[in-house]
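Number of protein chains: 2
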Amino acid sequence: MSVTIKDIAKETGFSVATVSRVLSDKTGFFSQQTAAIINETAAKLGYKKNMAATELVTQKSNVVAVIVNSTKTNFSDQIINGIQKKADEAEKRVIILYAGDRDERSQRIALSTALERPILGILLLSVDLFPSNLAILTSSNIPFYFISISFKDTMLNYIASDDQEIGYQATNYLISQGHKNIGIAGLNIENSAHTGALRFKGYQKALREAGIVFKSDWLQTGDYSYESGVTALQNYYLKKDITAVIAASDLVGIGILNECNRLKINVPAELSILTTDGTSLCELVRPQLSSITQDFYRMGYLSTTYLINNTQNNAYTNIAISQRQSVKSLNKIDH
Amino acid sequence: MSVTIKDIAKETGFSVATVSRVLSDKTGFFSQQTAAIINETAAKLGYKKNMAATELVTQKSNVVAVIVNSTKTNFSDQIINGIQKKADEAEKRVIILYAGDRDERSQRIALSTALERPILGILLLSVDLFPSNLAILTSSNIPFYFISISFKDTMLNYIASDDQEIGYQATNYLISQGHKNIGIAGLNIENSAHTGALRFKGYQKALREAGIVFKSDWLQTGDYSYESGVTALQNYYLKKDITAVIAASDLVGIGILNECNRLKINVPAELSILTTDGTSLCELVRPQLSSITQDFYRMGYLSTTYLINNTQNNAYTNIAISQRQSVKSLNKIDH
DNA sequence: CTGAAAGCGCTTACAG
DNA sequence: CTGAAAGCGCTTACAG
Chain A
1 MSVTIKDIAK ETGFSVATVS RVLSDKTGFF SQQTAAIINE TAAKLGYKKN
51 MAATELVTQK SNVVAVIVNS TKTNFSDQII NGIQKKADEA EKRVIILYAG
101 DRDERSQRIA LSTALERPIL GILLLSVDLF PSNLAILTSS NIPFYFISIS
151 FKDTMLNYIA SDDQEIGYQA TNYLISQGHK NIGIAGLNIE NSAHTGALRF
201 KGYQKALREA GIVFKSDWLQ TGDYSYESGV TALQNYYLKK DITAVIAASD
251 LVGIGILNEC NRLKINVPAE LSILTTDGTS LCELVRPQLS SITQDFYRMG
301 YLSTTYLINN TQNNAYTNIA ISQRQSVKSL NKIDH
Chain B
1 MSVTIKDIAK ETGFSVATVS RVLSDKTGFF SQQTAAIINE TAAKLGYKKN
51 MAATELVTQK SNVVAVIVNS TKTNFSDQII NGIQKKADEA EKRVIILYAG
101 DRDERSQRIA LSTALERPIL GILLLSVDLF PSNLAILTSS NIPFYFISIS
151 FKDTMLNYIA SDDQEIGYQA TNYLISQGHK NIGIAGLNIE NSAHTGALRF
201 KGYQKALREA GIVFKSDWLQ TGDYSYESGV TALQNYYLKK DITAVIAASD
251 LVGIGILNEC NRLKINVPAE LSILTTDGTS LCELVRPQLS SITQDFYRMG
301 YLSTTYLINN TQNNAYTNIA ISQRQSVKSL NKIDH
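Protein chains in written order, with full-length UniProt numbering: chain A, 1 to 335; chain B, 1 to 335.
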């Protein structure tokens, strides 16, 4: 059907071995003249190398597989850009696979699609693998890295933000702006090793260091969704206790913001919002959402670097406060 | 390295042929007992089929390659969901390739990555191919479909909205709400065959039918970006001529909205906004943006259906007005 | 600098 | 129901 090196060999009179050598540029094993003829003929015939065949014989691959949630994780673009950049620099290719929305079967299909062909390794983009699927992965002998999710278990490689630091720094920032009654909303605290629990721990630490006594209704758990933000604010509204809230994601922050809008609560005059992530969504809404911003691009770049160099390692990327319009300083007034 | 059918053959005493037959489930060519033994051994050994080898010998593939812009086209998720759904139903796999942001080289790399391995076909997700890259594609003999982009050239297959209808229906809707001075903003009119030009044509047709004389400053061209919206509104602000504007995308609409916010123009009291696309962004901002909504999910689903069935065809998917909060009816007042 | 040959992991007529 | 053999498109020692 499509043209192969055999066709080129026939056309030029050289052997397939020679054709293969010039086409894969094994410099020094052929004369300039031969190369010219073969390359020309390849172009003329519209030759496209069949990488599947190459990968089969060389037993190695230049493609990294990225598995992402189809969930609206609005930061995945940034991570993928970072991955793409590093892959490009290293002359690797990247293919992206959707793993559905926390669906065991979809995850398994995405995993199989990756595992059933020659690949360099797998990058899991904030996908929380079901145990059964993690088992498939670990038993495959293919290197893999989690991005934007961290683990206690140091057998698993991850590149993420330090979630405890996120909680700690976010809270400290709000305290530095004069807030004392600070909510934390939209995060999932259940799994003791994970994101939510760590952030909450950092939050409590900052409170403690500032001598603030935590009240249980300051914590409004959720699933990082817009709806979590809406619900959280409704609960806060009942108590009218807090002056600032840390949202677990930008979407949670927007949920809170919009519900404030509906209930005629002025942000930031009556309630300050500090959101987590700092994606472009923060600048789309009014007032713009201040955030504790994660370096997603860097996560992508770094994880790909590790994968390519086969560095079995974990790493934290930087976090920083981005001041926009949704946090009010109480200090000026207090003074 | 990893376990092959040869290993299973050795382990079970059957030939690789038999192993192959049961593992690829060529029903009727083996006994239940044999199957049981082989499947068991495969599981025990952690066998993973090497699809690259299979594809090499069968000369066909079950993977559809989707090429997307890394540009913030915030509707691509919906399209991909539709693709994924249909692919799943047909037992096909999908891999996604990023083609950068209107970058010739990135496009070429994405294309090569797809073309250099066995695939079923290619779906181009609102990527405006450079001529050189289109040439590569067409000469490859692999079926491909454009999604969310239409062409005059009927040699190219596309699944998209009817852009002239978008312009026409959007304008008619605004006219039905009593608006007469209607802007259209953020679209690119240059390439005569494309999206922007068609929408503008539909817009003009609706105006004409309503006996409204178009004024040239009602058209503010752009590139479908947030910034286009901001700039457009600044220009409108100078003339204070229009009561409603059709934004070329949700981001354009938000750019207009936020600039209104800055200039203390009340939406929709002083200016109505009808945005194009109708993604989730419309419901994130306040007031929520009314839109002429495209059926992106369906585009994905339909194009994948065509690709799998090898239907050489074009199709338009439905469009509809989604009333939210950003369009004011002038009729009540007029009455 | 070039070619003949073996082999990567699979599938599938052909024969039995 | 099962096996021996050829072959998919490539690469790479080995020989010359």
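In this text, a Cβ means the ideal position worked out from N, Cα and C, and glycines have one as well.
Per DSSP, the continuous alpha helix (DSSP H) segment holding A36/A begins and ends at Q32 to L45. By the neighbour-count definition (other C-beta atoms within 10 Å, threshold 16), L302/A is a buried residue. With respect to L251/A, S291/A sits apart: the two C-beta atoms are not nearer than 8 Å. The C-alpha of S161/A lies about 38 Å from the C-alpha of G121/B. In this structure, the alpha-carbon of A99/A lies about 30 Å from that of A35/B.
Bridge partners of R93/A according to DSSP: V63/A. Residue-level contact by beta carbon holds for A52/A and chain B, with a gap shorter than 8 Å.
P268/B is positioned such that its CB atom lies no closer than 8 Å to that of K215/B.
By alpha-carbon distance to V94/A, the top candidate from A206/A, T305/A and G178/A is T305/A. Taken in chain order, the complete beta strand (DSSP E) segments of 3 residues or longer contained in the region 90 to 153 of chain B are 93 to 98, 121 to 125 and 144 to 147. Each of N235/A, F296/A, L187/A and Q59/A was checked against the Cα of G167/A, and the nearest Cα belongs to L187/A. When CB distances to chain A are screened at a threshold of 7 Å, the residues of the region 108 to 121 of chain B falling below it are T113, L115, E116, R117 and P118, in chain order. The Cβ-Cβ distance between I37/A and L23/A does not fall below 8 Å.
D77/A counts as buried, since no fewer than 16 other beta carbons sit within 10 angstroms of its beta carbon. Closer than 8 Å to the CB of Q220/B there is not a single CB belonging to chain A. Shown here for L45/B: same chain residues with a beta carbon closer than 8 Å to its own, the five before and five after excluded, namely V3, D7, I8 and E11 in chain order. Within chain B, the C-beta atoms nearer than 7 Å to that of K49/A come from E116, in chain order. A buried status is given to G229/B, since no fewer than 16 other beta-carbon atoms sit within 10 Å of its beta-carbon. Among the residues facing chain A, Y236/B is not included, as its CB has no counterpart in that chain under 8 Å away. Per DSSP, reduced to three states, the secondary structure at L263/B is coil, with no helix or strand assignment.
By the Cβ-count criterion, M155/A is exposed, with fewer than 16 other Cβ atoms from all chains shown falling within 10 Å of its own Cβ. Contact of S2/B with chain A by beta-carbon distance below 7 Å involves N141. Rounded to the nearest angstrom, the gap between the Cα atoms of T275/A and A247/A is 4 Å. Taking 8 Å as the upper bound for CB-CB distance, N157/B and Y145/B are in contact here, some 5 Å apart.
For the pair I182/B and A232/B, the CB atoms are not nearer than the 8 Å cut-off. Around the beta carbon of G13/B, a 10 Å sphere encloses fewer than 16 other beta carbons of the protein chains shown; the residue is thus reported as exposed. The alpha carbon of R102/B has as its nearest neighbour, out of D223/B, N313/B and M299/B, the alpha carbon of D223/B.
The Cβ atoms of L56/A and A52/B sit closer than 8 Å to each other.
Within 10 angstroms of the beta-carbon of L238/A lie fewer than 16 other beta-carbons, which makes it exposed.
Taking 7 Å as the cut-off between beta carbons, the residues of the region 16 to 49 of chain A near chain B are G46, K48 and K49, in sequence order. Cβ contact annotation for T41/A (same chain, cutoff 6 Å, sequence separation greater than five): I8, E11 and T12, in chain order. The bridge partners DSSP lists for Y158/A are F146/A.
In this structure, the alpha-carbon of I321/B lies about 30 Å from that of Q312/B.
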